[in-house]
Amino acid sequence: MTDISPLRGTLYLWNDRWMLLGRLPANRAHRHVSASLLLGLDGTFELDVEETRRQTRAAVVAPDVAQALNPGQTTMLVAQLDPDSDAWRRLAGSLAGRASMELALAEEQARALAQSDDCHTLSAKLARFLAATDGPPLPLDPRIAAICHYLREALPERLDAAALAERAGISTSRLTHLFREQTGVTLRRFLLYLKITRAMARWQPGMTLSTLAAEAGFYDQPHLVRTARDMFDALPSAYIGTGEFHICRCSEAG
22 MTDISPLRGT
32 LYLWNDRWML
42 LGRLPANRAH
52 RHVSASLLLG
62 LDGTFELDVE
72 ETRRQTRAAV
82 VAPDVAQALN
92 PGQTTMLVAQ
102 LDPDSDAWRR
112 LAGSLAGRAS
122 MELALAEEQA
132 RALAQSDDCH
142 TLSAKLARFL
152 AATDGPPLPL
162 DPRIAAICHY
172 LREALPERLD
182 AAALAERAGI
192 STSRLTHLFR
202 EQTGVTLRRF
212 LLYLKITRAM
222 ARWQPGMTLS
232 TLAAEAGFYD
242 QPHLVRTARD
252 MFDALPSAYI
262 GTGEFHICRC
272 SEAG
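In this note's numbering, the protein residues as written are 22 to 275.
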């Protein structure tokens, strides 16, 4: 990752999602399980999606799609939208199966988002922006919605596809196929994503990666490191442990 100015911005952490607002470092190709909403609040940025590079002001990238970001000196808002979330399902309807899509970002919308200073304000302003840009929602099979909810609540150490299929009342092969079809990711990657999100939310200065891995449900420290590199091109400590980002733990803030 490239070095930029010491004061970078704010990392907003919820138990089930996170957002970054500020001057962000560039990253190499990686694949989020969540959809990526990328907004340049005071200019354009360089986005590489599946090795196709372009300059844009606002874009959304579908779940599990290879992407790389080079913001330059642009102030960014990066929001991760879970593949089963209402926000992503609405945008997915407009994407119509494409890997990414440009969005319209008006100057007044950009200024409003840039002036957010707490969890509630940022969430409300982003919800208004999405409400003005979304299309017809892409429906989510209720069986898949129930499985996503269960995995998020239980966060099992290991994935038991047969047991999940029994909960859904369908065969294991049908569940694995339907889950990928509906969310764009595999069951295994979805569970890993939930664990790495928990790791982001639980990281505290001074915590070792081994302790963090255990608390977040990973097999060991290397498992956590591999997952973080694959999904974010960075460890949680790159954003939380350097002191360069203000941390807003939104689940605690209410």
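The beta carbon of each residue, even a glycine, is placed where N, CA and C say it ideally should be.
- When C-beta atoms of the region 236-250 are compared with those of the region 204-223, three or more pairs fall below 8 Å, so the two segments count as touching.
- Looking only at Glu202, Leu172, Thr197, Arg119, the smallest Cα-Cα distance to Pro160 is reached by Glu202.
- Between Asp69 and Ala50, the beta carbon gap of about 7 Å places them in contact (Cβ cut-off 8 Å).
- By DSSP's assignment, Glu67 forms a beta bridge with Gln76, Asn91.
- Ala83 is a Cβ neighbour of Ala120, given a cutoff of 8 Å.
- With contact defined as three or more Cβ pairs closer than 8 Å, the region 27-38 and the region 88-107 are in contact.
- For Glu178, the closest alpha carbon among the candidates Ala125, Ala220, Phe239 is that of Phe239.
- The continuous alpha helix (DSSP H) containing Gly114 extends over residues 107-116.
- Excluding sequence positions up to five before and after Phe266, its CB lies within less than 8 Å of the CB of Arg29, Gly30, Thr31, Leu32, Leu41, Gly43, Tyr260, all in the same chain and listed in chain order.
- Cα atoms of Thr229 and Glu236: separation of roughly 11 Å, rounded to the nearest angstrom.
- It is roughly 16 Å from the alpha-carbon of Pro158 to the alpha-carbon of Leu58.
- A distance of 8 Å or more separates the beta carbons of Leu134 and Leu180.
- Judged by DSSP in its simplified three-state form, Gln101 adopts strand.
- According to the DSSP secondary-structure assignment, Arg270 is paired through a beta bridge with Leu34.
- Under the 10 Å beta carbon count, Ser192 is surrounded by fewer than 16 other beta carbons and is classified as exposed.
- For Ala152, the three-state secondary structure derived from DSSP is helix.
- Met228: not part of any alpha helix (DSSP H); DSSP gives it neither H nor E.
- For Glu187, the enclosing alpha helix (DSSP H) stretches over residues 182-189.
- Ranked by Cα distance from Ala184, the options Pro163, Leu208, Thr204 are led by Leu208.
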